[in-house]
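S.K.: First the structure, which I've put down as structure tokens, then a few questions once you've had a look.
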Amino acid sequence: METINAEIFTLTYGSMVRQLIADYEDVEEVNKQLDKMGYSIGQRLIDEFLAKSKTQRCADFRDAAEKIAKVGFRMFLNVTAAVTGWNAEGTECSLILEDNPLADFVELPEQLAGLKYSNLLCGVIRGALEMVNMEVECTFVRDVLQGDDANEMRLKLLSSSTETYPFKDE
Amino acid sequence: MFQSKYGSTGIVDKPFRPGKQEVALSAFAYLFSELVQYCQSRVSNISELERKLDEVGHGVGLRLLEVLAYRERGQRRETRLLDMLKFVHSTLWRYLFGRQARDLEQSNTAEDEYMISDTGGVPREMGHLNPAAFVAGIVRGTLDGAGFPARVTAHYVPVPGQPRPKTVILMKFQNYQAIMQRDKQQ
Amino acid sequence: MFDVRRIKIEMALLLNILLQDFVQLPLIEFNDKLRLASSWFGMCGISAQLSPMPDSSGIQLLQADTFDLHSFHTLTGTTFMLLAEPQTPDAAELLRTTVYELYCDYVLKNPFHEMDQVIKSELFDQNLVALLQATNRRWGVGVPQQ
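Chains as they are written, first to last, in full-length UniProt numbering: chain A, 1 to 170; chain B, 1 to 186; chain C, 1 to 146.
Given below as structure tokens:
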């Protein structure tokens, strides 16, 4: 795939976040807005992921999480994530992101301590999975910018449906 | 001096990345598309939208200057107007678009106006919006950071015989006489 | 249960371009196109249920004596259709790779495209026409002048 210098991407994201902070003046609102924007990106980006990775239908949630971590992050951000922390039912897991291109150059000032700077990523994952009929919840539970030792997103499968049109009456 | 609240794990204590990192152009495209949509939701007309894109670009330009001056120019920053213009036209452009801009010229009508032009316009469905306002913002930020404050605007100019217009970034420098004066003293 | 979100037919815009630019056929009205496309979408769904094997795709190819109708249903619920001469080589592949990628590049990245709405993208149209013309040349099909 065609690439662009990561710094332009990082700086543009940073500048956009600053714009959101200026517009909303409230960290919680900014977190929400970032998630919303990510969601909208995810809804669009999933098709390119499917087209260019020639991915077939994911067998299950476990399969989907692995594909996001190994193929998705590599394809768009040129990094990979590790999938860990599965619960017994196979409906919850964590994505550990070693390098986070969104947050290069960033250090949060104290008054923005509650900012989930990379919350966009959670939205992207949520939006993308929804398009293939998996409803998930995705949140940052550890963030290097918050002083944690790693970036960790927690992924929780809420529901998934494999049925397609025409839907059966319930 | 800058003191990190996280002690030795602060960003200034980490080595500066060599700048070879790349991300997919697509990733940037989605981000920019979302940025335009977001800005659009906050404004009521095209010129406000362009101003918002310009603002976001300005933040990028300010910081890009630092990165580029550090990396490409051995920590040196241009202080003469013409050198600065060449820096924008070649170094900055190559960094942003992978090649230098097509033309750099001084306006015939006003000596404090310079233009950088390049090929490529936008599709019709964009209406009157000029997404190059974002690039204009980057240029404005870069010039600002280097001490050449200017009003920077993006325009589309039809090219005879070509289906697409060219993009012109117009820079009108503030305190042009003072800049000229400063150039002479160096 | 009727889930509107999942019934997305990215228009028979392909149909539109093919009809207008390459073959002389009676023009189909916009609303009729929508109606035809949604009937087709439903038939694809029904066909998947007829399969004796689980998880079958719906109709991918419909053959008539004068044309082939290739249909590609993405995992995200969008359906692309392509009309071609019978036995046209690679048409299915063209649809599921190149056309799909053009859609990703020029429609989904366009900030003014609203999801599930009619595609209005000059660049998509241009690139699609260019692709179809190039493909036709490769197959040795003359392209009528407009």
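Glycine residues also receive a C-beta, built at the ideal position from the N, C-alpha and C atoms.
Taking only beta-carbon positions, decide if C:Glu85 is within less than 7 Å of chain F.
M.R.: The structure shown has no chain F; the protein chains it does contain are A, B and C.
S.K.: Consult DSSP for C:Met115 and reduce its assignment to one of helix, strand or coil.
M.R.: If DSSP states are grouped into helix, strand and coil, C:Met115 belongs with coil.
S.K.: Give the interface partners of A:Leu97 over in chain B, defined as CB-CB distance under 9 Å, in chain order.
M.R.: Simply none; closest approach about 14 Å.
S.K.: Is A:Val1 close to chain C? Criterion is C-beta to C-beta, closer than 7 Å.
M.R.: The sequence given here has Met at residue 1 of chain A, not Val. So no, A:Met1 is outside the interface.
S.K.: Taking only beta-carbon atoms, is B:Gly161 less than 7 Å away from chain A?
M.R.: Cβ-Cβ to chain A under 7 Å: no for B:Gly161.
S.K.: Strictly below 8 Å CB to CB, what residues from chain C border A:Asp47?
M.R.: By Cβ distance, chain C contributes Thr74, Thr76, Thr78, Tyr100, Tyr103, Cys104, Leu108.
S.K.: Please return the same chain residues whose Cβ sits closer than 7 Å to the Cβ of B:Glu72, not counting the five positions on each side in sequence.
M.R.: Around B:Glu72: Thr91.
S.K.: Return the first residue and the last residue of the alpha helix (DSSP H) that B:Asp83 is part of.
M.R.: Counting along the chain, the alpha helix (DSSP H) containing B:Asp83 begins and ends at 81 to 86.
S.K.: Let me check one thing: in DSSP terms, what residues is B:Tyr114 bridge-paired to?
M.R.: Per DSSP, B:Gln106, B:Met171.
S.K.: Pull up the distance between the alpha-carbon of A:Gln111 and that of C:Glu93, whole angstroms please.
M.R.: Distance between the alpha carbons of A:Gln111 and C:Glu93 is about 54 Å.
S.K.: Given C:Leu95, which residues of its chain have a CB within under 6 Å of its CB, disregarding the five upstream and five downstream residues?
M.R.: Within the same chain, C:Leu95 has close Cβ partners His70, Phe72, Phe80, Leu82.
S.K.: Does the beta carbon of B:Val60 come closer than 7 Å to any beta carbon on chain C?
M.R.: It does not: the Cβ of B:Val60 has no partner Cβ on chain C nearer than 7 Å.
S.K.: Using 6 Å as the cut-off, classify the Cβ of C:Gln117 as near or not near the heavy atoms of the ligand SAM, replying yes or no.
M.R.: Of ligands this structure carries none, so the ligand SAM is not represented either.
S.K.: Counting pairs of beta carbons, one from the stretch 137 to 147 of chain B and one from the stretch 55 to 65 of chain B, are three or more of them closer than 8 Å?
M.R.: These segments touch.
S.K.: Kindly indicate which three-state DSSP category B:Tyr156 falls into: helix, strand or coil?
M.R.: Strand.
S.K.: Please list, in chain order, all residues of the same chain as B:Ser107 whose beta carbon is under 6 Å from its beta carbon, the five residues on each side excluded.
M.R.: Around B:Ser107: Glu113.
S.K.: Looking at the unbroken alpha helix (DSSP H) that takes in B:Cys39, where does it start and where does it end?
M.R.: It spans 25 to 42 - the alpha helix (DSSP H) in which B:Cys39 sits, taken as one unbroken run.
S.K.: Beta strand (DSSP E) containing C:Phe67: first to last residue?
M.R.: First-last for C:Phe67: undefined, no H or E at that position.
S.K.: Taking B:Ile46 as part of the beta strand (DSSP E), name the residues at either end of that continuous run.
M.R.: B:Ile46 -> not in any beta strand (DSSP E); alpha helix (DSSP H) instead, spanning 46 to 71.
S.K.: Please classify B:Lys184: is it buried, with 16 or more other beta-carbons within 10 angstroms of its beta-carbon, or exposed?
M.R.: Exposed is the call here.
S.K.: With a CB to CB cut of under 7 Å and the five nearest residues on each side skipped, what residues in its chain are close to A:Val27?
M.R.: Here the set comprises Leu112, Gly114, Leu115.
S.K.: Tell me the rounded alpha-carbon separation between B:Ser4 and B:Glu105.
M.R.: Its pLDDT being 46, under 50, B:Ser4 is placed unreliably by the model, and the measurement read from it follows with that caveat. Taking the straight line joining both Cα atoms gives about 45 Å.
S.K.: Pick helix, strand or coil for A:Val83, following the three-state DSSP scheme.
M.R.: Strand.
S.K.: So what's A:Glu170 in DSSP terms, helix, strand or just coil?
M.R.: Model confidence at A:Glu170 stands at a pLDDT of 42, short of 50, so the residue's coordinates are unreliable; what they give is reported in the following sentence. In this structure, A:Glu170 counts as coil in the three-state DSSP scheme.
S.K.: State the beta-bridge partners of C:Thr79 as determined by DSSP.
M.R.: Answer by DSSP bridge pairing, in chain order: C:His73.
S.K.: Establish whether the CB of B:Ser33 and some CB of chain C are separated by less than 7 Å.
M.R.: So yes, B:Ser33 belongs to the interface.
S.K.: Could you tell me the alpha carbon to alpha carbon distance between A:Gln146 and A:Leu97, rounded to whole angstroms?
M.R.: Whole-angstrom Cα-Cα distance: 14 Å.
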